[in-house]
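Residue numbers (our numbering): 1 to 166. Even glycine gets a Cβ: it sits at the ideal position worked out from N, Cα and C.
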């Protein structure tokens with residue numbers, strides 16, 4: 001059965017309590033091929049998106065900054081020293097994309113945290129978590145909380161610089 005049309009402003013008003021930090025999101029639709037999430041704010045994080053599929057952003061109210069690595073060559077899957085699945089990256093540049101109120105943005109495919117030390121000649125991964133996402137609203141929050149509350153997870157393995165807990 002088809003779902004009825006959604007009045008987004010009304011839904012946002014009635015469900016504002018579901019959109020609180022640190023993740024502040026709710027899954028409106030998960031159809032297998034794509035997912036529709038609503039994310040509230042404020043939401044300040046220092047992870048970088050590396051999603052296996054494209055992500056479409058529509059900034060209904062206010063603005064957001066999306067941290068990405070542009071023009072990176074994505075390599076093979078590897079294991080970190082902690083035994084986590086990771087994907088190697090070569091080259092690329094850090095970018096912050098501001099999405100303003102009423103604007104839309106499509107991010108090409110590929111959650112990582114990178115060292116911000118300018119001494120690195122290419123993006124250096126501090127931590128990457130790979131998981132099959134079935135409910136982003138519940139699965140992402142513990143990963144972000146772990147990052148924020150575990151200082152040793154935020155230390156760059158190459159230079160020792162510690163990332164901010166956000």
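- The criterion of a C-beta distance shorter than 7 angstroms is not satisfied by residue 24 and residue 36.
- When 6, 163, 66 and 155 are compared, the shortest CA-CA separation from residue 103 is found for 66.
- For residue 28, the uninterrupted beta strand (DSSP E) segment begins and ends at 25-30.
- Of 28, 18 and 16, the smallest CA-CA separation from residue 6 is found for 28.
- For residue 10, the enclosing alpha helix (DSSP H) begins and ends at 8-14.
- Burial of residue 154 is indicated by the presence of at least 16 other C-beta atoms within 10 angstroms of its C-beta.
- For residue 107, the three-state secondary structure derived from DSSP is strand.
- In the displayed model, residue 66 falls within a strand according to three-state DSSP.
- Closest in alpha carbon position to residue 94, among 100, 83 and 116, is 116.
- Short of 7 angstroms from the beta carbon of residue 162, and not among the five residues preceding or following it, lie these beta carbons of its own chain, in chain order: 151, 154 and 155.
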